[in-house]
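First the structure, in the form of structure tokens, and then the observations on it.
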Amino acid sequence: MSGALVAAASIQIFLPAPTAQLSAQPPLRSLAQTLETRYRGRIGSRLRVTVDLDPTGRPVVVRTEQRLTISALGDYFFVVPAPLVSVAAAPGSAAPPGQRAQGIVWQGFSPGRRTLAALVRLRTGAAAPVLPLRVRIGRGGIRIANATALSVLAYDAAVSRAEVAPVIKELRRAVGRDELPRPGSVVVPTTPPTTRIRAEAVFAVRGTLRFGQRRVRFAGRIGPGAKRVLTVRTGSRERPKVELVATPALPRELLRAAPGRLDGRRLLALAYRAYLAIARAQQYTRFLASPDPTGPTSAAFVYRTAPAPAAVVRTFRSGDDGGLSTLVVAVLVVLGVAALSGLVVLWAHL
Amino acid sequence: MRRPALFLLLVVSLAASAAGCGGGSKQRGTLLVVVNAPFSQTPYVGNAIAHGVNLAANQVNVAGGLPIGNASYHVRVERRDTALSPRRALANVRRAVAEDATAIVDEGTGVDASWRVADAAGIPICIVYQGGTGLVDPAKRPNVFRIAPTDHGLAFRLAEYLVPKGRRVALLHDDSGYGAEGAAALDRAFAHNPESVALRLAVPTGSLSYGPQVLRARRAHATALLVWGQPATIGGVVSAARSSGWNVPIYAPPAAQDPVVRQELAAHPSWLDGLTFASGRLTAELGPQPYYSFAARYASAFGQDRVGVKTSAGLPVVQPPEIAMYAYDFANVLFAAVRRARTIRGDKVVKALEETTVRGTNGDERGFSITNHEGVVDDDVYFARFQDMTFRPVTDDPLSATLPVIKQTP
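If you want it as structure tokens, here you go:
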């Protein structure tokens, strides 16, 4: 009887699901309106986001290639919201995308399998703040910081180690196999207090710095359990050209720490951090929304130094284009004023 | 003396502004939609387009007109006959511009010339019959839209359907504009499979007999005929092949469902059996109900389009209002775009069309985008085969196999 009472009083805490939406963006938002979203089966989304950087590392152009794969027979209609400048079909697309001011329209029939691929130029002002990494290129090196961190609410419960151990085991099993873990939960006797916890994605980064002909390769992981900032320094005094690829990763380092020394409360915090890291990384695989919110997704972010958009060079133009140049206008104005003054003087003497 | 005059002026001004406000009553206006189609030359096509637009307009007018701001607009539909002449089509568009038309619903003849005139006046043109690839180009012709299967989509779907069957196809087209556009699309569609083409042959439009051309195709060891041309050409080729005892499979574009083809073969109904054509699907995954609902409203307003032939059971055959469906859908997209633009004419309406989607007659979404002014996507092209003077979707194509048979008898 008393056991039943305890069981009735206990509550189940659900840890964040791998597909949990922890912040408003990503996916990138827009004011896209649609009648409905319609498809059959699952839709997989593969993204390649390319970020052109100015010599200091500031994003100047953001593009993405999205490949959607429909895996069932049937009609489809959906709009992928995006703050876009332009969109075109990518090689291999079975249909052309439709561009709206606030999104990409896909419509048609899938004969069983359909690949829809779009090359999208995004509005830099809207897309750049949502990018997962901040890159700073200095003389002789680069500094890559993780920009995915945010603070979320979590339960701070004094649970037994035995209660959390299966959750940690499942996390380690899934991460070891490079797959998403099943959602986890623990049972606690009473509603525990809440605390704020840092949610941050892990990114695997590899790239190259180019100093003229010399190349310096680098690789590393940034995020919880791994480095917070990846810094590459060389003896050179010039700013390198950069090309790096960052992919969302599972928090392997976080779970590698021996849990034997941690009590139940700390183990629960560890489970929270791991699930949040996974959810946050998954969010970035949907940098551009997929019509199937639970479909398989992947993404790679390519950052590369590119020439900044050519500045508008204002040069003096001769009048042969049919218009009057500023200089000609100025001369005419001066002559006009002089002539007017002369007329006034003449009139005064009449 | 001055003060009373000022007072009078003030009273008159107040009265005038009060009259302008209208005491809350809506202002009335007229929104003109011009149907530019060959009513005298191919009346079936012209009337179908006009009926579709009229049906949508009537729905708006019965509901009190199209509300834009503080005004309500009655929709007026005007018919202009092109007689299949680009020159007359252009003259009609000039007249539509002079009359401040909101939009032109066009069969397609003469659009190569008329789009500029309409564009300068900010008038959108929507083609609802011809599928020529060059007719619609959002970059070069920003005011031209289309709701009809494109020749590109039809040709590629036909190639996609025929090539895996291992057929050696004789590609026949007539020398009409429709036939020439179709031939160009077929050339592109079969470009990667030249081994599937037995022969390419142009035939004269309106010939009394296509026997010699069919014989050439037979001698080229063709195992299928694909005829792209006017309905009379398709009927003539079918007649020539069957009368010579050649039971070759024959394929065609949407023109094959024109009543003329069946009327031409009415004396030999079995000759029509097996003729397969590509067209835009009339129903979507939602099922046939949205289409039947439209067909019932169409029949109630204009009566059913009788083909003029009967089934073997003696039932008269009626034509599904496919062309009218496209015209009706465009009119609805236009009215939604006008509401969105909050004005009844000009570039704002053209831009709003690119951002508007409505539920189409077949249950699918109909709309356009900045980069795509085609309202029928290539994926929507299906295949149907004639049997006993009516047609039904084929079962050996993934899309067609999912579609229901549309009722074609009263």
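For the protein sequence lines, the chains are A and B, in the order given. With my numbering applied, the first sequence closes on residue 337, and no number is skipped along the way. With my numbering applied, the second sequence closes on residue 429, and no number is skipped along the way. Note that the Cβ used here is the ideal one computed from N, Cα and C, for glycine as well.
Inter-residue spacing [alpha-carbon to alpha-carbon] between residue i and residue j
i	j	result
ARG358/B	ILE87/B	6 Å
ARG253/A	LYS214/A	21 Å
VAL300/A	ASP39/A	Confidence is the limiting factor: at VAL300/A the pLDDT is only 48, short of 50, which leaves the residue's position unreliable, though a coordinate-based value still follows. Approximately 22 Å, taken between the alpha carbons.
ASP143/A	LEU2/A	12 Å
GLY207/A	PHE190/A	8 Å
PHE410/B	THR428/B	11 Å
GLY44/A	ARG201/A	19 Å
ALA67/B	GLY141/B	26 Å
ALA76/A	GLN94/A	13 Å
GLN12/A	VAL174/A	31 Å
ARG148/A	LEU103/A	48 Å
ILE265/A	ALA136/A	12 Å
HIS83/A	ALA105/A	Position check: residue 83/A holds Pro in this sequence, whereas His was assumed. The alpha-carbon atoms of PRO83/A and ALA105/A are separated by roughly 8 Å.
TYR259/A	ARG101/A	37 Å
THR6/A	GLN270/A	7 Å
PRO105/B	GLY386/B	27 Å
ARG160/B	PRO143/B	10 Å
Short Cβ contact (8 Å threshold) for residue i with residue j
i	j	result
VAL67/A	ARG108/A	no
ALA286/A	PHE274/A	yes
LEU244/B	VAL400/B	no
PRO339/B	THR295/B	no
VAL112/B	VAL136/B	yes
ASN133/A	ILE209/A	yes
SER298/B	PRO423/B	no
GLU374/B	ARG110/A	no
VAL147/B	ALA315/B	no
VAL219/A	GLY128/A	yes
ARG33/A	VAL289/A	no
VAL92/A	SER419/B	no
GLY293/B	ALA259/B	no
Contact list for residue i against chain B, beta-carbon separation under 7 Å
i	result
GLN86/A	SER388, ILE389, THR390
VAL92/A	SER388
Proximal residues of chain B, C-beta to C-beta of residue i below 9 Å
i	result
LEU275/A	None at all; the shortest Cβ gap to chain B is about 17 Å.
Close-in-space but distant-in-sequence residues of the same chain around residue i (CB under 7 Å, 5 per side omitted)
i	result
SER59/B	ASP100, ALA102
ASN351/B	ALA75, VAL377
Chain-ordered chain B contacts of residue i [CB-CB under 8 Å]
i	result
ASP62/A	ALA303, GLU304, ASP383
VAL74/A	THR390
Residue i - DSSP class collapsed to helix/strand/coil
i	result
ILE363/B	coil
PRO235/A	strand
GLU283/B	helix
ALA136/A	coil
ILE389/B	coil
ASN55/B	strand
ASP307/A	Bear in mind that a pLDDT of 37 at ASP307/A, under 50, signals an unreliable position, so the model cannot answer this.
LYS45/B	coil
SER419/B	helix
LYS159/B	coil
TYR148/B	coil
TYR229/B	coil
TRP290/B	helix
LEU417/A	In the structure as shown, chain A begins at -12 and stops at 337. Residue 417/A is therefore absent and cannot be evaluated.
TYR26/A	coil
GLY210/A	coil
ILE91/A	strand
PHE402/B	strand
LYS184/B	helix
Neighbour list for residue i in chain A, Cβ cutoff strictly below 7 Å
i	result
ASP398/B	ALA82, GLY95, PHE96
PRO417/B	LEU60, PRO98, GLY99
Residues near residue i in its chain [Cβ-Cβ closer than 6 Å; skip 5 each side]
i	result
LEU158/A	PRO168, LEU242, ALA261
ALA208/B	ALA174, PHE175, ALA178
LEU205/B	ALA174, LEU190
ASP277/B	PRO250
THR421/B	none
Chain A contact residues for residue i, given Cβ-Cβ distances below 9 Å
i	result
GLU374/B	GLN20, ARG87, ALA88, GLN89
Residues of its chain near residue i, where Cβ-Cβ distance is below 8 Å and the 5 sequence neighbours each way are ignored
i	result
LEU234/B	SER263
TYR26/A	ILE57, ALA59, GLY61, ASP62, TYR63, PHE64, PHE65, SER97, PRO278, ASP279
VAL117/A	GLN12, PRO13, LEU15, PHE274
ARG160/A	PRO168
PRO57/B	VAL64, GLY65, ASP100, THR101, ALA102, LEU103, GLU126, THR128
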